[in-house]
Every structure is written in structure tokens, then in C-alpha cells.
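Residue numbers (the working numbering): 43 to 491.
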């Protein structure tokens, strides 16, 4: 029987500074089964890197942004025992970043952007390895690009699963017995070896993909909250952590806005039946949420999520009445731009759908291109300023009174595009962004308090 194996991932706040890294290292020191550690960039670093890639900065602005990154990383470095090797490696990475940041084509060259965006994880894995060594854990840095093979869709690369499994067995599995492998989340490489990234929040996905490739029994997601909550505790203090979730519930929550999990994390876990644990690296003794295939309890209401920055697009044409193929043309255009649609409603001559629209994102640019293309075949109306609220639960389509209880809690608010999901686990609707806090609070009081 293969030995038990755990993959642990630590998010940006968990590796934000030396003290935070020490807390994470103590967790690893106490878990002999944890042989792979996936780290995000230290908190704040990714925001600086995104600014370098997207903002119109002059030389002084670039220098100031790089200085902010250096300050975060050197603050950790200087707390560690002196190491000529680590000093040289960190300075080499920062020199590489400085050269990349000064490239005039950075904001228009996707390959350069990927190299810049990967720098945070490369630095944090270097530093965290030495924190583990200082605590007496035999650890070494592993370059995830040796294993995490993706396509060349820069900014939102898709993993090539058979290659990841093959490469993990060749390059990573043999190293687990002797050292804990500290590697980078979010980062991959295409078949030409060019750096790619999995999109914001992709470190969770990395951990799950490696857990699948190495046939791990458990994937731990260590963050700054004690598990997955009934809703975002920043919206209501009455939110409480959930002891367990099913894969399906967790996938719905992640897809519809629960920040504690990356939407794709559940896919590898579900394929290989790998348990996923979510807990706080600052308070590991308080436990967390375990995510499994089947839960002992399946309540009609499990949680409320919110996803901000939604745009509603309505396409309308008299030709749609009794016409065949119009919807196919609309969604063909959406598919060409690789956009994801969450809610869809139709009438006789129009169809409305939602798109994610975070500012300064790839999606925002693709939304503009999509809408321009749609205007060639129909009348297009674009409405902004919405948030998407989703109630996640079980048997929601068939349980009597579920939808009426949800709607009765928000009778004084305007809802748009009310939709049950294609599965029995969610009910969603759009609300005005300025009312979304209030609506989540009302729903939480009605359903959970």
C-alpha cells in the first residue's frame, strides 16, 4: 500500500512575512505525511506585479513598484540566518524582475507578463524553504514548471493532465522521500517551456493538480480564515464556519464567488476522490472545513456567495422569433473569446446573460471584443453595476418552499435574472451592487440565524 501523502498549499497572507511563514513551517513540521508544499506570492507582491503589467507607469513608477516588492521580500530574508546561496538567488530573481519591468513592450507582450507575474511565487518558495530548514525540516525548492504542463493560453492557461501526471512521476515523486518539496502555485509552462499562469487564485488549483498527479489522499488549503463560512464574514459577523461540504457544494460556492477556494480546485479532487481541507494557518488548532464526496448532512441551504463586477448583456432581434440558429450564433461568438456565462434567460425575441467583468482583467478586454462582434448580428444592451448572489444547498429544485423562503427575505429589493442552476445545488440572481451587502445580510438572517 502506498504511503499516505498530503499536499499543502499556503496562500499569500499565510506567507506574507517571516512570522506568518514560521506559523506555516510549524504546521509542516508536525505533519510527516506532507511532502509537497505549494506557496503563493507573499501578500501584496502580486498586486505590485499586476500593476507593472497593466498600469501606465513611467520609470519612476516602475522603480517605486519594484522597490515595494523588494521591501516585502527583503523583510523576510533579513529575519533568516545568513546564507550566501539564498542571498545570491534572491538578488538574481530581483534583478531579473527589474529587467523585465523595464521592457517597453511589457504591457502588450503576454509572454513577458507571464514571466513577471510568476516572480512572486518564485521568491516566496525560495524564502519559505529556508524557513523550513531553520525549523529543522529537510526541504528544497522544486521548479513546478518541470511538471505543470499547460497550453499556451497566457494569463488563463489550461493544464494538460496526462503530461502533468507523467512528469510528476518522473521529476517530482522520486524526491519526496528525502525532502519536502516547496514549489510555486499559479505557475506552469507550455510545451516550449515558456512560462504560463493559471489565472488569479490558481495556487489552489496547482495544489489539487499535484495531489491528483501524485495520488495524494489529502489536499490542504491553508489560508487566513477558519474554513469555509456560511457567507463572507466581512459582510456579516453572524457568518460561521462549516464543518463539512460536499465536492458539489464546494464547487458551486467557488464558482459563484467564495474567495477561499479556486473554482477549478474541486475538479481534480472529485476525479480522484481526494479530500480537501480548508483551515487557517494562523489558528490551525481551531480546525476547519473538510470537503468530501458525500456529507452526512445535506441541508437545503448551506451557504450564500457573492461575486462582484457582473455585467448583464441582452441581445435582441426580431429575427429570433421562430428562427433557428440565432442562439447558436450568439454563443459561438462567446465561445470564440473563451468567456464563461453563468446566468441565461430567454424570451421570444431576446436573450440575456451575465459575464464576469473585473477591472483591468483579460475578461474585461474580451467582453468588449465580444460585444462589438455581437452588435454585427443583433441589437445589444449592456447593463453594469451588478453583483451575483447565489444560495448554495441541496435538492433546491424539488424541496417545497425553498425558493419562496429565499425570495420572501428580499421582497423589498429588485432582483434580476432569477435562475435555478442546472443542478440541484444553487439558486442565483443579480442585484444592484450597492444593495448586495444588505441582501446577503437579509438572506443570512432568514436562512441561518
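Cβ coordinates follow ideal geometry from the N, Cα and C atoms, glycine included. Given the structure is predicted, the values throughout are model-derived calculations rather than measurements.
Express the C-alpha separation of residue 435 and residue 341 in angstroms, rounding to a whole number. Going from the Cα of residue 341 to the Cα of residue 435 covers about 6 Å.
Does DSSP put residue 151 in a helix, a strand or coil? coil
When the Cα of residue 141 is compared with those of 454, 157, 127, which residue comes out closest? When the alpha-carbon of residue 141 is set against those of 454, 157, 127, the nearest one is in 157.
Please name the residue in 180, 205, 333 whose C-alpha comes closest to that of residue 286. 333
Could you tell me the distance, in whole angstroms, from the CA atom of residue 483 to the CA atom of residue 264? 27 Å
So what's residue 201 in DSSP terms, helix, strand or just coil? strand
In this structure, does DSSP put residue 90 in helix, strand or coil? In the structure shown, residue 90 sits in a helix (DSSP, three-state: H, G or I).
Are the CB atoms of residue 48 and residue 181 within a distance shorter than 9 Å? no
Whole angstroms is fine: what's the gap from residue 232's alpha carbon to residue 238's? 7 Å
Does DSSP put residue 404 in a helix, in a strand, or in coil? Since pLDDT at residue 404 reaches only 49, below the 50 mark, its modelled position is unreliable, and no value is offered.
Using the three-state DSSP reduction, which class does residue 186 fall into: helix, strand or coil? helix
With distances taken Cα to Cα, identify the nearest neighbour of residue 174 among 420, 61, 452. 61
DSSP bridge partner residues for residue 396 (one or two, in chain order): In DSSP, residue 396 forms a bridge with 354.
For residue 201, I'd like the list of residues in its chain whose CB is within less than 6 Å of its CB, leaving aside the five on either flank, ordered along the chain. 192, 251
In the DSSP assignment, the alpha helix (DSSP H) including residue 484 goes from what residue to what residue? 478–490
By Cβ distance, which residues of its chain are closer than 6 Å to residue 58, with the 5 residues on each side in sequence left out? Exclusion of the five residues before and after residue 58 leaves 84, 85 as the residues of its chain whose Cβ lies within less than 6 Å of its Cβ.
Please classify residue 78 as buried or exposed, where buried requires at least 16 neighbouring CB atoms within 10 angstroms. buried
Alpha carbon to alpha carbon, how far is residue 376 from residue 392? 16 Å
Report the residue from 382, 410, 419, 479 whose alpha carbon sits nearest the alpha carbon of residue 198. 382
Could you have a look at residue 436 and say whether DSSP puts it in helix, strand or coil? coil
Touch test, the region 63–82 against the region 214–229, Cβ-Cβ under 8 Å, three pairs minimum: yes
Which runs of the alpha helix (DSSP H) at least 4 residues long sit entirely within the region 454–479? Give them in chain order. For the region 454–479, not a single whole alpha helix (DSSP H) run of length 4 or above is found.
Three-pair Cβ contact test at 8 Å for the region 439–454 versus the region 309–317: no
Per-residue burial, residue 295 [other beta carbons within 10 Å of its own, 16 or more giving buried]: buried
Classify residue 153: buried if its beta carbon has 16 or more other beta carbons within 10 angstroms, exposed otherwise. exposed
So residue 274 packs on residue 281, CB below 8 Å; how close in whole Å? A Cβ-Cβ distance of about 7 Å is found for the pair residue 274 and residue 281, placing them in contact under the 8 Å criterion.
Which residue from 115, 353, 148, 151 puts its Cα closest to that of residue 136? 115
List the endpoints of the continuous alpha helix (DSSP H) containing residue 288. Here residue 288 belongs to no alpha helix (DSSP H); instead the beta strand (DSSP E) covers 286–288.
With a CB to CB cut of under 6 Å and the five nearest residues on each side skipped, what residues in its chain are close to residue 53? 82, 265
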